[in-house]
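S.K.:
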Amino acid sequence: MDVSIDFWNASLEEIKRGFVEDTNQYRCLLCGEQVEKGVIYPEGNVLYEAERFMRLHIENKHESVFHYLLNLDKKITGLTEHQTELLKHFYAGKSDKEVQEEMGIGSSSTIRHHRFVLKEKERQAKTMLAVMELLKEKDDYAPAFVAPHKHATMIDDRYAFTEKEQEKVLVKFFPKGLTGPLIKFPPKEKQRLIVLREIVNRLNMDKVYTEKELNVILNEVYEDYVLIRRYLVEYGFIDRKDDGSAYWVKK
Numbered sequence: 001m002d003v004s005i006d007f008w009n010a011s012l013e014e015i016k017r018g019f020v021e022d023t024n025q026y027r028c029l030l031c032g033e034q035v036e037k038g039v040i041y042p043e044g045n046v047l048y049e050a051e052r053f054m055r056l057h058i059e060n061k062h063e064s065v066f067h068y069l070l071n072l073d074k075k076i077t078g079l080t081e082h083q084t085e086l087l088k089h090f091y092a093g094k095s096d097k098e099v100q101e102e103m104g105i106g107s108s109s110t111i112r113h114h115r116f117v118l119k120e121k122e123r124q125a126k127t128m129l130a131v132m133e134l135l136k137e138k139d140d141y142a143p144a145f146v147a148p149h150k151h152a153t154m155i156d157d158r159y160a161f162t163e164k165e166q167e168k169v170l171v172k173f174f175p176k177g178l179t180g181p182l183i184k185f186p187p188k189e190k191q192r193l194i195v196l197r198e199i200v201n202r203l204n205m206d207k208v209y210t211e212k213e214l215n216v217i218l219n220e221v222y223e224d225y226v227l228i229r230r231y232l233v234e235y236g237f238i239d240r241k242d243d244g245s246a247y248w249v250k251k
């Protein structure tokens with residue numbers, strides 16, 4: 001589903017460890033899972049205190065924060081598929097020669113060049129991060145934009161909407177509340193994105209639906225449930241088997 005607001009508001013150190021902490025709990029930035037402080041959690045034949053259990057959760061469900069981040073859309077990471085593959089090999093501790101042989105590209109010096117390019121991207125990212133942090137201290141008019149959902153198929157001006165704009169659209173198209181029906185399907189793509197983001201929240205992230213099961217849920221939202229289903233797939237909110245026999249929320 002969406003990359004959470006918690007994720008975007010987290011510090012770099014919190015993102016690196018994959019969870020945030022408040023007074024009573026630890027919360028996973030990658031999926032929203034929560035564990036309560038002071039509770040002992042069993043896993044197999046071992047008992048874990050809350051923080052250690054949260055780290056175990058990230059390892060078991062997401063493999064690692066590193067892999068989760070690399071699997072985000074390239075519009076979010078700024079990485080090409082080629083760079084993503086290289087980074088996975090580097091993270092696995094492989095030498096330049098091993099990476100070159102496994103990927104079948106150039107020579108060891110080619111891999112070193114790629115390392116240099118990635119290092120330049122790191123420097124640029126650090127500089128941009130510092131610039132934007134300093135800007136926050138001076139820009140009193142910066143709108144609170146809603147972050148694109150994790151599997152957005154293309155990020156462009158359609159995603160440039162604020163929290164206030166989102167609220168206004170939802171009130172307009174769900175006049176009976178967010179659990180009520182959609183009054184009509186929005187004519188503008190920006191409005192469609194906002195509405196579809198809300199509709200997908202009615203689905204269980206951990207469930208695989210048959211087409212019939214999904215249609216029943218979507219029909220409660222809007223009479224043209226086939227249209228809603230098609231746009232949910234098209235905009236990257238849900239995925240399906242090629243034969244349409246199963247649907248699920250993209251995580």
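Position 191 of the sequence shown, counting from 1, maps to 191 under UniProt numbering, and the rest follow consecutively.
Glycine included, every Cβ here is placed at the ideal spot set by N, Cα and C.
Who are the Cβ neighbours of residue 111 in its own chain at under 7 Å, not counting the five residues just before and after it?
M.R.: Excluding residues within five positions, the ones whose Cβ falls inside 7 Å are 96, 99, 100.
S.K.: I'd like the list of long-range same chain contacts for residue 38, defined as Cβ closer than 8 Å, with 5 residues on each side in sequence excluded.
M.R.: Closer than 8 Å at the Cβ level, and outside the excluded window around residue 38, lie 50.
S.K.: For residue 247 versus residue 211, is the C-beta spacing smaller than 8 Å?
M.R.: Their beta carbons are under 8 Å apart, which means residue 247 touches residue 211 by this criterion.
S.K.: In angstroms, rounded to a whole number, what distance separates the CA positions of residue 83 and residue 75?
M.R.: Rounded to the nearest angstrom, the two C-alpha atoms are 13 Å apart.
S.K.: List the DSSP bridge partners of residue 47.
M.R.: Residue 47 is bridged to 42.
S.K.: Mind listing, in chain order, the continuous beta strand (DSSP E) runs of no fewer than 3 residues lying wholly within the UniProt domain "DUF2087" (182-249)?
M.R.: 238-240, 247-249, all fully within the UniProt domain "DUF2087" (182-249).
S.K.: What's the C-alpha gap between residue 119 and residue 87?
M.R.: Distance between the alpha carbons of residue 119 and residue 87 is about 11 Å.
S.K.: So does the region 19-35 actually touch the region 46-66, counting three or more Cβ pairs closer than 8 Å?
M.R.: They touch, by the three-pair rule.
S.K.: If I follow the unbroken beta strand (DSSP E) through residue 19, where does it start and stop?
M.R.: 19-21 is the span of the beta strand (DSSP E), which, as asked, contains residue 19.
S.K.: Out of 161, 228, 205, which has the shortest C-alpha to C-alpha gap to residue 215?
M.R.: Here the closest residue by C-alpha is 228.
S.K.: Please classify residue 192 as buried or exposed, where buried requires at least 16 neighbouring CB atoms within 10 angstroms.
M.R.: Under this definition residue 192 is a buried residue.
S.K.: Please identify the residue among 109, 71, 14, 183 whose C-alpha is closest to the C-alpha of residue 54.
M.R.: Looking at the Cα atoms, 14 is the closest of the given residues.
S.K.: In this structure, does DSSP put residue 36 in helix, strand or coil?
M.R.: Strand.
S.K.: Please list the terminal residues of the continuous alpha helix (DSSP H) segment that includes residue 6.
M.R.: Residues 5-9.
S.K.: Given this structure, state the Cα-to-Cα distance separating residue 230 from residue 181, to the nearest angstrom.
M.R.: Near 18 Å, if we compare the C-alpha coordinates of residue 181 and residue 230.
S.K.: Do you know how far the Cα of residue 90 is from the Cα of residue 67?
M.R.: Their Cα atoms are separated by approximately 12 Å.
S.K.: Report yes if the C-beta distance between residue 232 and residue 196 is below 8 Å; otherwise report no.
M.R.: In contact: residue 232 and residue 196 (Cβ atoms closer than 8 Å).
S.K.: In the DSSP assignment, what are the bridge partners of residue 28?
M.R.: Answer is 19.
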